[in-house]
Each structure stands twice: as structure tokens, then as C-alpha cells.
Amino acid sequence: MDEQARIMQALGGVSLAGHSVQGGMGLQPPHGHDGTDDGRKQDIGDILHQIMTITDQSLDEAQAKKHGLNCHRMKPALFSVLCEIKEKTGLSIRGSQEEDPPDPQLMRLDNMLLAEGVSGPEKGGGSAAAAAAAAASGGASDNSIEHSDYRSKLTQIRQIYHTELEKYEQACNEFTTHVMNLLREQSRTRPISPKEIERMVGIIHRKFSSIQMQLKQSTCEAVMILRSRFLDARRKRRNFSKQATEILNEYFYSHLSNPYPSEEAKEELAKKCSITVSQGVGSTITVSQVSNWFGNKRIRYKKNIGKFQEEANLYAAKTAVTAAHAVAAAVQNSQTNSPTTPNSGFQMKDEEFQLDSAESKNTLLTNMFTGSSGSFNLPNSGDMFLSMQSLNGDSYQGAQVGVNVQSQVDTLRHVISQTAGYSEALGGNTMYSPNGLNANGGWHDAMTPSSVISPTEGPGSVHSDTSN
DNA sequence: ATTCATGATTAGCG
DNA sequence: CGCTAATCATGAAT
Numbered sequence: 001m002d003e004q005a006r007i008m009q010a011l012g013g014v015s016l017a018g019h020s021v022q023g024g025m026g027l028q029p030p031h032g033h034d035g036t037d038d039g040r041k042q043d044i045g046d047i048l049h050q051i052m053t054i055t056d057q058s059l060d061e062a063q064a065k066k067h068g069l070n071c072h073r074m075k076p077a078l079f080s081v082l083c084e085i086k087e088k089t090g091l092s093i094r095g096s097q098e099e100d101p102p103d104p105q106l107m108r109l110d111n112m113l114l115a116e117g118v119s120g121p122e123k124g125g126g127s128a129a130a131a132a133a134a135a136a137s138g139g140a141s142d143n144s145i146e147h148s149d150y151r152s153k154l155t156q157i158r159q160i161y162h163t164e165l166e167k168y169e170q171a172c173n174e175f176t177t178h179v180m181n182l183l184r185e186q187s188r189t190r191p192i193s194p195k196e197i198e199r200m201v202g203i204i205h206r207k208f209s210s211i212q213m214q215l216k217q218s219t220c221e222a223v224m225i226l227r228s229r230f231l232d233a234r235r236k237r238r239n240f241s242k243q244a245t246e247i248l249n250e251y252f253y254s255h256l257s258n259p260y261p262s263e264e265a266k267e268e269l270a271k272k273c274s275i276t277v278s279q280g281v282g283s284t285i286t287v288s289q290v291s292n293w294f295g296n297k298r299i300r301y302k303k304n305i306g307k308f309q310e311e312a313n314l315y316a317a318k319t320a321v322t323a324a325h326a327v328a329a330a331v332q333n334s335q336t337n338s339p340t341t342p343n344s345g346f347q348m349k350d351e352e353f354q355l356d357s358a359e360s361k362n363t364l365l366t367n368m369f370t371g372s373s374g375s376f377n378l379p380n381s382g383d384m385f386l387s388m389q390s391l392n393g394d395s396y397q398g399a400q401v402g403v404n405v406q407s408q409v410d411t412l413r414h415v416i417s418q419t420a421g422y423s424e425a426l427g428g429n430t431m432y433s434p435n436g437l438n439a440n441g442g443w444h445d446a447m448t449p450s451s452v453i454s455p456t457e458g459p460g461s462v463h464s465d466t467s468n
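Numbered by full-length UniProt numbering, the letters in the first sequence go through residues 1 to 468 in order.
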């Protein structure tokens, strides 16, 4: 192996040519000495010293020496030797460099960024455009309001991500070009195959892509945080205002046989609730919230009808009040007074028939209405319904009615029983009885909203049973 | 601190 | 897609 030794010698001399051609081994490997710590320290000290003494002048000098070497008459011979060495070491280089498959983690990140709309094709651009697009896509008024904040934040993340990505790409390209130039430059003094350059570029790209992965990762994190915050905010439960609940309950109990508001009805309910809801900022009730409410209400009502009976009675009565007022007018116009009572029953002011909201009214009503527990077994529900006209919702304040409540109610019943024709025309009162709730716990599926809604009103009208 | 009420979310169904 | 049923999670009442 004396050839190898010769080569090594030659290599050493050439490779260090830039620093000290004449001076022999400027940077001696540690094993050139005895290998003791002192020796190594000495070497390191020498190296440091040499580095420290590199000046512009010495660089120029080195450049000149390099040039001289390039023009050296022995250069081609040395070059061929180096090529030979490369040939021999090429295997190990190729062996050590394996083309790694696409990183699954990177793919995951990419997919997620794509799914979140961070890295995908531009959709909307700025937050304003996004909001506009959302608003334009019909019926998304609630969603866009809810999501606008989220969208704008996402857009911010997206912008940052793209600028950073661009920066990295630019830096990567710059660096690659730089290295390639360097290698090309060096290829004049040492053999560098295109493959090697390629490999180098690959290494650089891998390094930069690992930086990119960090960027992607942190972007993903940011998106996740944003998302979780958004979801948290949505999950935060705020009770609806009393008025909103009232409106919803009125609708529910007046459509008890088919408490499935149409889309339009939901929208109108949402609007109505939002108006009523404290007119405050952000206290809007969305259609989906209305849907949630009805979903919850239906299931909870069905699960425990008994528990909701009082409420049902209350709201039915409330609805009746408004309805009965209309009937009252009709009765007044079309009918002579009943033998037992003058029509004062309908003229009666609410204050004359006030019940305490929580206790007496409910017990009274419950007693009156309960036949079989938990179901509204009221053959003439319309009657009873109307008889409760004076239980006007918000103005229960005294419980001073006592026993004559019953008598008044009876009187009213009597009067109203003669107006059966009208009771049929009252939207909602027929729904008071949960006839729609069939034996196996479901509402009639045959029943459509339009079929149970007041004949005088269009299907889905929210105003139908509750307005004046 | 515990319990109840209630709005929101989720899986599964048709 | 809308619904039901179950469940989660929070607000309010006790």
C-alpha cells in the first residue's frame, strides 16, 4: 500500500496549498504528534493562531498561491490522482446517502395546513373578502358573524406563513446558488462531480426543509390554538334571555303537535329572539341555536312530559290569551250574551284575573288539566285553552284571586264553549293537546307544519299564534 | 359543594 | 341534511 501513502502525502500537500505550500503541513493532524493531551493542545493552539493571523493580506496571498497552483505544471497529474481517489471513495459516499422517503410527519402537516386553508389555493384573500364571500353564500349571516373573527385570524396566520415560507425558499435558493458557485469554483482545484453538487444541493434542501417543517409545525400549532379557542368560545354556554326563551316556548307549545319549525320559521324566531334579546351587542340568536333549542326541547319534553306539563299549560294559556282576544271581538260582534254571563268575561282586564306565576296558577292549572298523568287528555282542549285567557304572561303579580278564580274560569269556559267554531279557527289551540305525540314517543311524521298551522296564516309564520 | 337547568356537541340513523 | 338520543359543560340555584 505504498501507493496509498504517496497519495495521502500528495493530497495533504495540495489540499492545504491555500495556506502554506512551502511550509509543509500547516495543519497537522493530531496523530502527527505523540498523541498526548499536551500535544493536542499545542496543535489546537497552532491552528487557532493560524486562524487568528489570517488577514486580508494573507487571503490575497493565498489566492495568489491558489492561482499559482492552478497553473502549476503538475496540476493535471495531481487532479487525475484526486479523481482516482474520489472514484474509490465514491462508493462510501453513495452508500451513506440514502434518499429518504417523504416524511410522514411533514405530509401530515401539509395535509392539515391544506385542510385548514392555510396552504391551499387562495380562497378569498383578505378577511374582508372572506367575510363578503361568506355573506354572499346565502343564509350564512349567522355563521359569517360567528366565524369572521376566526377567519381574520386564520388569514393572518396564513399571511405570516406564506411570507415566511417565501423567505425560506428565497434563502434556500440563495444559499444553494452560493454553494454551487463555490463548488464550481473549487472544481477547478479538485474534482467535483455533478452528482456531488446534486448531493450537496440535496443536503441543503433537506436542511431548509427541516426549517420549513418547523414553520409548518408552528403554524399548525397556531391554527390549533386558534381553533380550540374558537371552539371553546362556542362551547361557552350563555343562557338565552327570558324573552327569547319565552318566544321559543310559545312557539313550541303552540305547535306542540308538530314542534318542527320550518327553516323560515326558525329564521323568524331567531330574528324575533334577537330583537327581544336585550338588543345588546353580540346577543344574537342564530338559526342553528333555534334548531338546537327545539331539538333539546323536543327530546326533553318527550322524556318527561309530566315535568313540562305546567309549562305547557302556562304557555298554552298565554297563547290563548292573545287568541281569545281575537275571539272576544268576534264574539262580541256576532253573538248575544250567554245566559250565565255577560260578555264581560272577554272584556276582563288581565289584572282582574291575576294568578301568582309560580304556585297557585300552576297547581290550579295542573289540577284542572290532569286527567291521566303526563298526557293532555283533553277532548275539548280548545275550550280549556280559551278559558285560560286571562293568564297573561308577564303580569302575574298577585295571588289574591282565591276561589273565585275557579268560578270565573268556569264562567269563561261556559261562554267560550259556545264559540267552538272560533276555537277551531285559532291557530295553535288545537296543538295544545299533544295529540301528535304518538305512542312510541315520536311526533306524527305525517304532520307537516303547514297542516297544523293556523288556517289564517301562512305556513311557518312565527306570528301566527303569538302576535296580539 | 352539590344539584339542577340548559345550550352545545356528537354519533348514528333514515 | 335534519333529526334523535346521549353526553358534555357551564350557569344558576340550593
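Backbone N, C-alpha and C fix where the C-beta goes; we use that ideal spot for every residue, glycine too. Values in this document were obtained by computation on a predicted structure and should not be read as measured data.
Here the alpha carbon of Thr245 sits roughly 10 Å from the alpha carbon of Phe252. About 13 Å separates the Cβ atoms of Leu106 and Leu165, ruling out a contact at the 8 Å cut-off. The beta-carbon separation of Leu113 and Thr219, rounded to 6 Å, stays under the 8 Å limit for a contact. Given a length threshold of 4 residues, each whole run of the alpha helix (DSSP H) inside the UniProt domain "Homeobox" (231 to 304) is given here in chain order: 242 to 254, 263 to 276 and 287 to 303.
Here Cys71 is exposed: its Cβ has fewer than 16 other Cβ atoms, across all protein chains shown, within 10 Å.
With fewer than 16 other Cβ atoms inside 10 Å of its own Cβ, Ala77 counts as exposed. With a cutoff of 8 Å on beta-carbon distance, Val290 and Leu269 are scored as near each other.
Here the C-alpha atom of Thr286 lies approximately 21 Å from the C-alpha atom of Arg300. The residue from Ile305, Gln156, Cys172 and Met200 with its alpha-carbon nearest to that of Leu183 is Met200.
Going by DSSP, Gly68 is part of the alpha helix (DSSP H) stretching over Asp56 to Asn70. Here Pro259 is not near Phe308, since their CB atoms are 8 Å or more apart.
Asp110 and Ile204 have their alpha carbons spaced roughly 20 Å apart. Nearest C-alpha to Leu154 among Gly117, Ser187, Ser274 and Glu169: Gly117. Pairing Gln217 with Arg108, the inter-Cα distance amounts to about 10 Å. Exclusion of the five residues before and after Arg158 leaves Val118 as the residues of its chain whose Cβ lies within less than 6 Å of its Cβ. For Asp110, the uninterrupted alpha helix (DSSP H) segment begins and ends at Pro104 to Ala115. Within its own chain, the residues whose Cβ lies closer than 6 Å to the Cβ of Cys172, once the five positions on either side in sequence are excluded, are Phe208, listed in chain order.
In terms of Cβ geometry, Ser254 and Thr319 form a close pair [threshold 8 Å]. The C-beta separation of Lys271 from Ile247 comes to about 10 Å, leaving the pair out of contact by the 8 Å criterion.
Taking a 10 Å sphere around the C-beta of Glu169, we find fewer than 16 other C-beta atoms and assign the residue as exposed. With a beta-carbon spacing of about 18 Å, Asn239 and Tyr315 fall beyond the 8 Å limit used to define contacts. Across the structure, Lys86 and Val179 are spaced so that their CA atoms are roughly 20 Å apart. The straight-line gap separating the alpha-carbon atoms of Asn304 and Asn313 is approximately 15 Å. Note on geometry: alpha-carbon atoms of Ala317 and His325 lie some 12 Å from one another. Counting only runs that start and end inside the stretch 144 to 219, there is no beta strand (DSSP E) element of at least 3 residues. Excluding five sequence positions before and after Ile197, the CB atoms of its chain that fall closer than 7 Å to its own CB belong to Met180 and Leu183, given in chain order.
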